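Chemist: Below is a structure I'd like to ask you about.
In my numbering, the protein residues as written are 1 to 182.
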């Protein structure tokens, strides 16, 4: 069943209206998403490889977990739900450290219009990566990458297509925030 998403204003305020996820992207309504970056005490970042069936940026490496905020859901509730759905991990709201909200307004050749506010969190990964369960159809693979390798791949991204290249500034900000929290 397709999710219903709350429509928000250009400045991020709830409008009191919601619609199906497909309509959100077809009409370019502004909406919220939750992005969670997991890191380890030994200075590694958990990356998710987007499923090969994704309509946008298939097989590229991206944020540990991300997803839309369903209608009537808080952003933190969405973050916790998406973590459970995408990697099979249960965490609590107190485990989330919000580092910002990033505007991500893009249109794609396939007709998708993404007008998203990325509510971005950090969380410590306290379990081995082998215990995580990637969600079929959403997550192709998971990996831990050192801060150094992350930075190197980010700066090579134009050529190697490792990361979603349009998110480079956000990825750099996240790395700096993680380094400050380790």
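Each residue gets a CB set at the ideal place from its N, CA and C atoms; glycine is no exception. Note that the structure is predicted; figures quoted are calculated from it, not measured.
(1) Taking the beta strand (DSSP E) that residue 107 falls in, what are its first and last residues?
(2) Could you name the residues that DSSP lists as bridge partners for residue 163?
(3) Which value, in whole angstroms, describes the spacing of the CA atoms of residue 151 and residue 14?
(4) Who pairs with residue 45 in a beta bridge, going by DSSP?
(5) Quick one: what's got a C-beta closer than 7 Å to residue 80's C-beta in the same chain, skipping five residues either side?
(6) Note down the Cα distance separating residue 33 from residue 59, rounded to an integer number of angstroms.
(7) Using DSSP's beta-bridge definition, name the partner residues of residue 79.
(8) Assign residue 131 to one of two classes, buried (16 or more other C-beta atoms within 10 Å of its C-beta) or exposed (fewer than that).
(9) Just tell me which of 26, 56, 100, 18 has its CA closest to the CA of residue 166.
(10) Look at the alpha carbon of residue 106 and the alpha carbon of residue 67, and state the distance between them as a whole number of angstroms.
(11) Assuming residue 178 is part of the alpha helix (DSSP H), what are its boundary residues?
(12) Are residue 95 and residue 71 close, meaning C-beta to C-beta below 8 Å?
(13) Is residue 117 near residue 170, with beta carbons less than 8 Å apart?
(14) From 85, 82, 128, 6, pick the residue whose C-alpha is nearest to that of residue 45; which is it?
(15) Tell me whether residue 115 is buried or exposed, calling it buried when 16 or more other Cβ atoms sit within 10 Å of its Cβ.
(16) Provide the residue span of the beta strand (DSSP E) that contains residue 29, from first to last.
(17) In the DSSP assignment, the beta strand (DSSP E) including residue 17 goes from what residue to what residue?
(18) Measure the Cβ-Cβ separation of residue 8 and residue 31 and say whether it is below 8 Å.
Modeler: For this structure:
(1) Counting from one through the chain shown, the residue named residue 107 turns up at place 107. Unbroken beta strand (DSSP E) run through residue 107: 97-107.
(2) On the chain shown, residue 163 is found 163 positions in, with the first residue counted as 1. DSSP, once it has assigned bridges, lists 61 as partnering residue 163.
(3) Residue numbering aside, residue 151 sits at position 151 when the chain shown is read from its first letter. Residue numbering aside, residue 14 sits at position 14 when the chain shown is read from its first letter. Each residue's alpha carbon lies about 36 Å from the other.
(4) The count along the chain shown starts at 1 and reaches residue 45 at position 45. The partner list for residue 45 (beta bridge, DSSP) reads 39, 145.
(5) Your numbering for residue 80 matches position 80 in the chain shown. Within the same chain, residue 80 has close Cβ partners 91, 93.
(6) Counting from 1 along the chain shown, the entry for residue 33 is found at position 33. Counting from 1 along the chain shown, the entry for residue 59 is found at position 59. Taking the straight line from one Cα to the other gives about 20 Å.
(7) Against the chain shown, residue 79 aligns to sequence position 79. The partner list for residue 79 (beta bridge, DSSP) is empty, contrary to what the question assumes.
(8) Along the chain shown, read from residue 1 onward, the residue named residue 131 stands at position 131. Around the CB of residue 131, fewer than 16 other CB atoms lie within 10 Å, so the residue is classed as exposed.
(9) Residue numbering aside, residue 166 sits at position 166 when the chain shown is read from its first letter. Distances from the alpha-carbon of residue 166 to those of 26, 56, 100, 18 put 56 closest.
(10) The count along the chain shown starts at 1 and reaches residue 106 at position 106. The count along the chain shown starts at 1 and reaches residue 67 at position 67. Distance between the alpha carbons of residue 106 and residue 67 is about 16 Å.
(11) Position 178 of the chain shown, counted from the first residue, corresponds to residue 178. Here the alpha helix (DSSP H) through residue 178 covers 168-181.
(12) The residue you call residue 95 lines up with position 95 of the chain shown. The residue you call residue 71 lines up with position 71 of the chain shown. By the CB criterion at 8 Å, residue 95 and residue 71 fall outside the cutoff.
(13) Position 117 of the chain shown, counting from 1, holds the residue named residue 117. Position 170 of the chain shown, counting from 1, holds the residue named residue 170. Cβ distance not < 8 Å, so residue 117 and residue 170 don't count as in contact.
(14) As a first step, residue 45 is located in the chain shown; it is residue number 45 there, counting from the start. Out of 85, 82, 128, 6, 128 has the C-alpha closest to the C-alpha of residue 45.
(15) Residue 115 sits at position 115 when you count from the first residue of the chain shown. The Cβ neighbour count for residue 115, taken over all protein chains shown within 10 Å, is at least 16; the residue is labelled buried.
(16) Locating residue 29 in the chain shown gives position 29, where the first residue counts as 1. No beta strand (DSSP E) holds residue 29; DSSP gives it neither H nor E.
(17) The sequence position of residue 17 within the chain shown is 17, counting from 1. Counting along the chain, residue 17 sits inside the beta strand (DSSP E) bounded by residues 14-20.
(18) Numbered from 1 along the chain shown, position 8 holds the residue referred to as residue 8. Numbered from 1 along the chain shown, position 31 holds the residue referred to as residue 31. Against a cut-off of 8 Å, the Cβ pair of residue 31 and residue 8 comes out as a contact.
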